[in-house]
Amino acid sequence: MDHSHIDLKGSQIASITEAESAIGIVFSRALIIKRMTGSAERTRWWQAGTLVLEGVAAHSGVPPGPCHCAGGEIDENIYSYRDMIPIPFSSRGRIRCLLLLEGQDQPLVVEAGAVRLELEGVPKYIEHLRA
Numbered sequence: 000m001d002h003s004h005i006d007l008k009g010s011q012i013a014s015i016t017e018a019e020s021a022i023g024i025v026f027s028r029a030l031i032i033k034r035m036t037g038s039a040e041r042t043r044w045w046q047a048g049t050l051v052l053e054g055v056a057a058h059s060g061v062p063p064g065p066c067h068c069a070g071g072e073i074d075e076n077i078y079s080y081r082d083m084i085p086i087p088f089s090s091r092g093r094i095r096c097l098l099l100l101e102g103q104d105q106p107l108v109v110e111a112g113a114v115r116l117e118l119e120g121v122p123k124y125i126e127h128l129r130a
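Residue 35 in numbering that gives the first Met the number 0 is what sits at position 36 of the sequence shown, and the numbering runs on without skipping anything.
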């Protein structure tokens with residue numbers, strides 16, 4: 000596969016952890032879209048993992064428990080990713096993560112100095128998406 004990304008819409012968040020200027024967004028079921036170069040067809044997979052934000056300057060809207068993501072935006076320096084997280088993903092600089100969470104009035108907003116995506120295990124196949 001030449002291109003993979005996490006589709007934030009519909010991904011399941013198990014918890015959000017806080018420790019010494021770091022926040023971990025723990026995905027129990029991150030939905031992954033894979034595409035090969037030159038092909039219009041895609042496949043959907045799922046995998047557990049954590050989006051780790053370090054050097055947290057500010058945050059708000061941390062939910063108390065598991066929830067579903069309804070979309071969001073990640074700003075990484077001059078780049079902005081809407082409703083997705085590229086795989087692999089690791090960066091330093093000006094990071095802003097805004098996640099819309101189902102059942103929550105306020106979005107989760109985190110401003111940090113570094114970010115990295117840590118996926119666990121191997122992805123599990125869900126379905127083939129025809130163009």
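Every residue gets a Cβ at the ideal spot worked out from N, C-alpha and C, and that includes glycine.
| Asked | Found |
| --- | --- |
| Burial state of Thr16 (16 or more Cβ within 10 Å) | exposed |
| Reduced DSSP secondary structure (H/G/I, E/B, other) of Met35 | coil |
| Residue closest to Gly37, alpha-carbon to alpha-carbon, out of Leu30, Gly60, Val51 and Asp1 | Asp1 |
| Limits of the beta strand (DSSP E) - the one that Pro87 falls within | Counting along the chain, Pro87 falls outside any beta strand (DSSP E), and DSSP gives it neither H nor E. |
| Cβ pair Pro157, Gln103 closer than 7 Å | For residue 157 there is no data in the structure shown, the boundaries of the chain being 0 and 130. |
| C-alpha gap between Glu40 and Ser59, whole angstroms | 38 Å |
| For Met0, three-class secondary structure by DSSP | For Met0, the predicted model reports a pLDDT of 48, less than 50, meaning its position is unreliable; a value from the coordinates is still stated below. Note: Met0 maps to coil in three-state DSSP. |
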